[in-house]
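This note's numbering puts the first residue of the sequence shown at 78, with every later residue one more than the last.
Think of the CB as a built atom: it goes at the ideal place given N, C-alpha and C, for glycine as much as any other residue.
Fair warning: this is a prediction, and the values are worked out from it, not measured in the lab.
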Amino acid sequence: MIRRSFLKNTMLGIPAMSGALPSCTNNKKPQKPIIISTWDFGKAANSEGWKTLSANGHALDAIEKGARITEADQSNKTVGYGGYPDRDGKVTLDACIMDEKGNCGSVMCLEHIKHPISVARMVMEKTPHVILVGDGALQFALENGFQKENLLTPDSEAAWKEWLKKANYAPVMNIENKTYQSPDPGFFPGSIDNHDTIGMLALDSQGRLSGGCTTSGMAFKMHGRVGDSPVIGAGLFVDGEVGAATSTGVGEEVIRCVGSHLVVEYMRQGNSPREACKKVVERIAKRDPEKAKNIQIGFLALDNKGNYGAYALQKGFSFAVKSADEEIVIPGESYFK
Ligand code: GLY
């Protein structure tokens with residue numbers, strides 16, 4: 078099912094399931110264990126992660142297993158296998174993972190490996206480092222048993238070749254709102270339905286928080302471009318004393334404000350997850366109001382009690398929640414209505 082019809086159906090389905098369309102993207106009571114993910118495709122990732130959480134497993138395992146579902150889904154053009162390539166036709170992947178104690182690992186611009194989230198975890202657990210990039214990350218992955226694969230699917234190759242006909246470099250992403258006009262409508266051939274990163278946050282039955290983030294990044298980006306997703310503090314941040322946050326959207330703008338770290342710090346000051354996400358979105362909108370009109374950025378947060386919330390710049394953001402009480406996709410609130 079394509080994202081638009083899925084979201085429409087989901088929104089229609091929520092009143093039947095819960096009695097009312099959520100008026101805001103906060104939960105009413107904390108839930109533990111719980112797993113939440115960006116976008117509607119997060120539902121499948123949550124389901125996989127839930128198998129671990131519901132068996133009293135570790136949040137970090139739930140995150141890795143869930144993210145691997147999205148990475149392996151070739152119909153998803155912005156994560157893992159089948160993700161759109163860069164402007165040179167190379168699929169380069171970014172991912173990171175973090176636990177509540179500040180342990181973290183990241184890979185950037187990794188080619189040929191289907192599951193960058195697992196390589197990121199291995200960087201965290203088997204090296205004294207946090208980040209490996211490019212050829213070094215590939216070498217590390219191959220040395221640790223990962224298989225070299227072609228990640229460019231026929232669909233994604235066709236889209237890239239179509240893009241090459243104009244090759245206008247005007248990256249825009251994540252705009253679900255049908256009224257939105259891209260500066261270059263040809264940038265995404267036939268579609269502006271480009272969803273971006275999966276960011277996942279989980280709180281397990283023992284109160285351990287973890288998060289992960291994985292993406293192929295901006296479609297047809299410059300070779301070597303890295304967004305926010307694998308940058309600890311930008312695309313993901315976890316602090317067991319407070320909570321966790323992750324982001325989706327135009328990574329450059331998230332890096333500029335170290336967005337996910339900022340969300341966690343706003344929670345530390347007593348803001349709810351939703352309020353914390355909203356404050357960061359408002360800061361981004363205030364810094365450059367004209368730019369903000371034309372990009373999408375969304376934040377998702379979970380505190381260490383099991384309260385969640387989200388906020389985005391534009392309409393069209395959604396996130397998926399799985400706990401013992403609920404399994405839903407929630408339309409995100411936005412700054413621009
Ligand atoms: N948020 C994903 C990226 O900018 O690459």
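Residues near Ala-144 by beta carbon distance below 7 Å, same chain, minus five either side: Ala-122, Ile-194, Ile-275, Met-277, Gly-289, Thr-291
Worksheet item: The alpha helix (DSSP H) with Phe-217 in it runs from where to where?
Response: 211–220
Query - Which of helix, strand or coil DSSP assigns to Lys-109 - result: coil
**Prompt:** Hey, does Gly-310 have any beta-carbon neighbour from chain C nearer than 8 Å?
**Reply:** Any reference to chain C falls outside this structure, which holds one protein chain only.
Next on the checklist: At a cut-off of 7 Å, would you count Ser-287 as near ligand 1, judging by its Cβ distance to the nearest heavy atom?
Outcome noted: no
Presumed contact (8 Å Cβ cut-off) between Met-295 and Gly-284, rounded CB distance: The C-beta distance from Met-295 to Gly-284 rounds to 36 Å, too long to fall under 8 Å, and the pair is not in contact.
- Item | Closer than 7 Å: Asp-138 CB and nearest ligand 1 heavy atom | no
Check your understanding: What separation, rounded to the nearest whole angstrom, lies between the Cα atoms of Ala-172 and Pro-307?
Key -> 5 Å
| said: Looking at Tyr-396: is its Cβ nearer than 8 Å to the Cβ of Gly-383? | reply: At residue 396 the sequence reads Phe, which differs from the Tyr that was named. For Phe-396 and Gly-383, no; Cβs fall outside 8 Å.
* Among Asp-212, Tyr-161, Ile-146, which residue has its Cα nearest to the Cα of Val-184? -> Asp-212
Presumed contact (8 Å Cβ cut-off) between Asp-380 and Gly-320, rounded CB distance
4 Å
* Asked: When the Cα atoms are used, what is the spatial distance from Ile-190 to Gln-373?
  -> 28 Å
For a quick check, are the C-beta atoms of Leu-229 and Gly-166 less than 8 Å apart? Contact flag set, yes.
Notebook entry, point to check: Which class does Leu-137 belong to by DSSP, given the choice of helix, strand or coil?
Noted result: helix
Worksheet item: Could you give the residue range of the beta strand (DSSP E) that holds Pro-408?
Response: Note, Pro-408: beta strand (DSSP E), 404–408.
*Could you tell me how far apart the beta carbons of Tyr-161 and Phe-297 are, in whole angstroms, since I believe they sit closer than 8 Å?*
6 Å
Ile-146 versus Tyr-412 - alpha carbon distance: Cα to Cα, the separation comes out at about 31 Å.
Q.
Taking its Cβ as the centre, do 16 or more other Cβ atoms sit within 10 Å of Ile-405, making it buried, or is it exposed?
A. Ile-405 is buried by the Cβ-count criterion.
**Prompt:** What whole-angstrom Cβ distance do Ser-337 and Ala-353 have, given they're in contact under 8 Å?
**Reply:** The Cβ separation is near 10 Å, so there is no contact.
**Message:** For a test of your reading of the model: does the CB of Gly-294 fall under 7 Å from any non-hydrogen atom of ligand 1? Yes or no.
**Reply:** yes
- Query: Exposed or buried, Gly-222, counting other C-beta atoms within 10 Å across all chains shown (16 or more means buried)?
  - Reply: exposed
Take Ile-111 and list the residues in its own chain whose beta-carbon comes closer than 6 Å to its own, dropping the five residues that flank it on each side.
Leu-280, Gly-383, Ser-400
**Request:** Report the three-state DSSP secondary structure of Gly-288 (helix, strand or coil).
**Result:** strand
With a threshold of 16 other CB atoms inside 10 Å of the CB of Asn-153, please say whether the residue is buried or exposed.
buried
Review point. For Gly-182, which beta-bridge partners are listed by DSSP?
Key: DSSP lists Ile-174 as partners of Gly-182.
Original post:
How many angstroms separate the CA atom of Ile-208 from the CA atom of Arg-198?
Top reply: 10 Å
Going by beta-carbon coordinates alone, are Val-54 and Leu-286 separated by less than 8 Å? Because the chain spans 78 through 414 in this model, residue 54 falls outside it and cannot be assessed.
Which one of Val-358, Arg-333, Val-398, Leu-390 has the shortest CA to CA distance from Asp-117?
-> Val-398
With the cut-off set at 8 Å, would you say Ala-389 and Val-357 are in Cβ contact? no
Exercise. Just tell me which of Lys-109, Glu-318, Ile-174 has its CA closest to the CA of Arg-345.
Key: Glu-318
Open item on the list: Going by beta-carbon coordinates alone, are Ala-139 and Thr-155 separated by less than 8 Å?
Closed with: no
- prompt: CB Cys-181 to CB Val-210, shorter than 8 Å?
  reply: no
CB-CB under 7 Å to Arg-360, same chain, minus the five flanking residues each way: which ones, in chain order? For Arg-360, the CB contacts under 7 Å within the same chain, skipping 5 residues up- and downstream, are Cys-334 in chain order.
Whether Ala-387 touches Gly-375 by CB criterion (8 Å): Yes.
Asp-316, enclosing beta strand (DSSP E) - first and last residue: 313–316
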